[in-house]
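Notes for the one structure printed next.
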Amino acid sequence: IWSLATNKIAFTNSLKMKMSIILGICHMFFGIALSYLNHRHFQKPLNVIFDFIPMVVFLFCMFGYLVILVFVKWLKYSSISVQEPPSLLIGLINMFLFNYKDGDDKMIYSGQQGFQSFLVVLAVLCVPWMMLGKPMYMRYMKRYGQKPAFQALHREEDEDEEVMFLNMSSPSPRRSRNGMTSSSGDSEFKHQPLSVNSGDLLGARAEEEVMHNPEVNGSLHTEEGVEEEEENFSEILIHQVIHTIEFCLGCISHTASYLRLWALSLAHAQLSEVLWQMVLRIAFGFSRGWGAIALFIIFQVWAALTVMILVLMEGLSAFLHALRLHWVEFQSKFYDGSGHIFVPFSFDHIADANPDE
Numbered sequence: 001i002w003s004l005a006t007n008k009i010a011f012t013n014s015l016k017m018k019m020s021i022i023l024g025i026c027h028m029f030f031g032i033a034l035s036y037l038n039h040r041h042f043q044k045p046l047n048v049i050f051d052f053i054p055m056v057v058f059l060f061c062m063f064g065y066l067v068i069l070v071f072v073k074w075l076k077y078s079s080i081s082v083q084e085p086p087s088l089l090i091g092l093i094n095m096f097l098f099n100y101k102d103g104d105d106k107m108i109y110s111g112q113q114g115f116q117s118f119l120v121v122l123a124v125l126c127v128p129w130m131m132l133g134k135p136m137y138m139r140y141m142k143r144y145g146q147k148p149a150f151q152a153l154h155r156e157e158d159e160d161e162e163v164m165f166l167n168m169s170s171p172s173p174r175r176s177r178n179g180m181t182s183s184s185g186d187s188e189f190k191h192q193p194l195s196v197n198s199g200d201l202l203g204a205r206a207e208e209e210v211m212h213n214p215e216v217n218g219s220l221h222t223e224e225g226v227e228e229e230e231e232n233f234s235e236i237l238i239h240q241v242i243h244t245i246e247f248c249l250g251c252i253s254h255t256a257s258y259l260r261l262w263a264l265s266l267a268h269a270q271l272s273e274v275l276w277q278m279v280l281r282i283a284f285g286f287s288r289g290w291g292a293i294a295l296f297i298i299f300q301v302w303a304a305l306t307v308m309i310l311v312l313m314e315g316l317s318a319f320l321h322a323l324r325l326h327w328v329e330f331q332s333k334f335y336d337g338s339g340h341i342f343v344p345f346s347f348d349h350i351a352d353a354n355p356d357e
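65 is the number that the UniProt record's numbering gives to position 65 of the sequence shown; each next residue is one higher, with no gaps.
Structure, rendered in structure tokens:
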């Protein structure tokens, strides 16, 4: 029915654009939700407080509220009052500019001006929350001699990765005469007591214990320790600044990137209409005698063009665009590219491994 209407382009344009925005916002919200599962799995509560929560609040204040306005506009206004509803795009721009000169004439609901001003202020507050919250908290905890639980967890994970890497790179253990596996120096090292202060081996080599210099041990609390603390703080701060800027600007650019779905839909619809009007429709203009023959021949041409253009070319284009949206807009919300070193499955490694492993 809408293909025969005079306002077909205006109606389909508005509908497809809103549908692409709704799909894009839901897709990005799902990606942020997956980041929460990562933080919970790796037991990083600070990332939940200083990354996940402000990201959700910022995205909702920016574009989640726009999605709600789309559904409110669809439910409140009908086709009879097509000229009366306000423009959501102009309303979104005026929302961030605090431009409400038209008064209540362009408002969808009562109290919209105050609520939108609150959302803008909340979105602005999320920027320093995300940028400075985690570095300042870590600096405060380190300055007062307290170590957050997640730092100890990171240290344990790094030690596990280092041990795993050393086990992989170490030579395979030798098998003794009684059939038990042993590696060079393992038995000696395992049963040697360690010094409380430095970790030096004691026992048989107690007389060779290294004497510690108190000046060296106290260097952590001198200027070198302060410089190291400042360097770590600056690295964390730079990382958070880059992460915050990337996310805030990405919310705008990624949302606009989902409009490619709108463009693909319009291009597909126009190509279908061209093939119908300029190819298949010609067959219905012949008389009854030649109509069947012309329809048979033209249908073959129309089917070949449909498969080559709409199915193959348009299908490949849609696949590449969808792959790009998943790789950039979706995975950037939760994927960091870090983790454990990949260890391929190997029977030789299992057979040569120590029983204690």
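Built from N, CA and C at the ideal position, the CB exists for glycine as well. All of these numbers come straight from a predicted model, not from anything done at the bench.
For aspartate 336, there is no enclosing alpha helix (DSSP H), as DSSP gives it neither H nor E.
A straight line joining the alpha-carbon of glutamine 43 with that of serine 265 spans about 42 Å.
Counting every other CB atom within 10 Å of its CB across the protein chains shown gives leucine 34 a total below 16, marking it as exposed.
Apart from sequence neighbours up to five positions away, the residues of its chain that approach proline 54 with a beta-carbon distance below 7 Å are Cys126, Trp129, Met130, ordered along the chain.
Where arginine 260 is concerned, the enclosing alpha helix (DSSP H) starts and stops at 260 to 278. Rounded to whole angstroms, the separation of the alpha carbons of phenylalanine 284 and isoleucine 293 is 11 Å. Ranking Ile32, Thr306, Ala303, Ala318 by CA distance to the CA of glutamine 331 puts Ile32 first. At the C-beta level, glutamate 329 and methionine 28 come within 8 Å of one another.
In this structure, the beta-carbon distance from cysteine 251 to phenylalanine 58 falls below 8 Å.
Bounds of the alpha helix (DSSP H) holding asparagine 94 are 88 to 97.
Within 10 angstroms of the beta-carbon of tryptophan 262 lie 16 or more other beta-carbons, which makes it buried. As the crow flies, the alpha-carbon of serine 110 is around 59 Å from that of leucine 295. Residue environment: tryptophan 302 is assigned as buried (16 or more neighbouring CB atoms within 10 Å of its CB, all protein chains considered). Nearest in C-alpha terms to glycine 337, of all of Phe345, Trp327, Val343, is Trp327. When the beta-carbon positions are compared, threonine 255 and phenylalanine 63 come within less than 8 Å of each other. With a 10 Å radius around the Cβ and a threshold of 16 neighbouring Cβ atoms, glycine 133 comes out buried.
Inter-residue distance for glutamate 84 and valine 120 is about 26 Å (C-alpha atoms, whole angstroms). The C-beta distance from serine 257 to leucine 325 rounds to 7 Å, short enough to fall under 8 Å. For threonine 12, the enclosing alpha helix (DSSP H) stretches over residues 8 to 41.
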